[in-house]
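Presented below is the structure to which this report refers.
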Amino acid sequence: MSSASGVNVEDRCLEAFQELKLKKKYKYLLYKLDDDNKSIILEKAVEESTYDDFIGILTSSGPRYAVYDFEYEKPGEGQRNKIAFYSWTPDDSKVKEKMLYASSKEAIRKRLVGVAIEIQGTDLSEVSYDAVLEKANRSN
1 MSSASGVNVE
11 DRCLEAFQEL
21 KLKKKYKYLL
31 YKLDDDNKSI
41 ILEKAVEEST
51 YDDFIGILTS
61 SGPRYAVYDF
71 EYEKPGEGQR
81 NKIAFYSWTP
91 DDSKVKEKML
101 YASSKEAIRK
111 RLVGVAIEIQ
121 GTDLSEVSYD
131 AVLEKANRSN
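Residue numbers for the sequence shown follow the UniProt record's numbering, so the first one is 1 and each next one is one higher.
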């Protein structure tokens with residue numbers, strides 16, 4: 001399945017997502033476009049990480065997509081987990097990169113069944129723990 005931009009999603013991206021979702025094997029997955037901008041590939045699959053470490057990696061290099069197993073405490077209801085999808089395109093990205101990542105996002109997002117929260121980030125405030133927690137508490 002390709003996107004409006006003609007980009008495909010490699011099978012390993014979806015396999016790793018299933019391992020995160022069903023087996024809790026990974027804490028987060030980092031995806032990027034390959035060097036030819038023809039496929040979305042799995043860049044990194046990390047088994048253990050803090051949220052701060054994840055954000056440090058996500059925001060350290062250009063546009064990326066990511067999935068994070070977000071854990072939080074819901075007052076009166078205890079510990080919760082929600083799978084969050086991130087589309088990270090920093091403000092200082094080139095216009096062409098921003099357009100390519102924006103037009104390719106749905107190619108991967110639609111295939112990741114089970115995502116509960118979607119985060120669009122262009123600066124750190126939009127991907128902060130508190131910003132994601134607010135979205136997690138608003139979703140069912």
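For glycine and all other residues, C-beta sits at the position ideal for the given N, C-alpha and C. All values derive from a computational prediction rather than experimental measurement.
Query	Result
Distance, S61 Cα to M1 Cα	Annotation note: pLDDT 46 at M1 (below 50); position unreliable, no value reported.
Three-way DSSP call (helix, strand, coil) for A81 in this model	Looking at the sequence provided, one finds Asn at residue 81 rather than Ala. Residue state, collapsed to three classes: strand.
Helix, strand or coil at K74 according to DSSP, with G and I counted as helix	strand
Opposing strand residues paired with V132 [DSSP bridges]	In DSSP, V132 forms no bridge with anything.
CA nearest to the CA of F70, picked from T89, R64, E77, S49	S49
Cβ shell of L112 (< 7 Å), same chain only, five flanking positions each side left out	F17, V67, F85
K25 - DSSP class collapsed to helix/strand/coil	coil
Neighbourhood of K32 by C-beta distance below 6 Å, restricted to the same chain and skipping five residues each side	E43, R64
Reference L14, options G6, D35, S39, closest by Cα	S39
Nearest candidate by alpha-carbon position, reference R12, set I108, E126, I55, G56	I108
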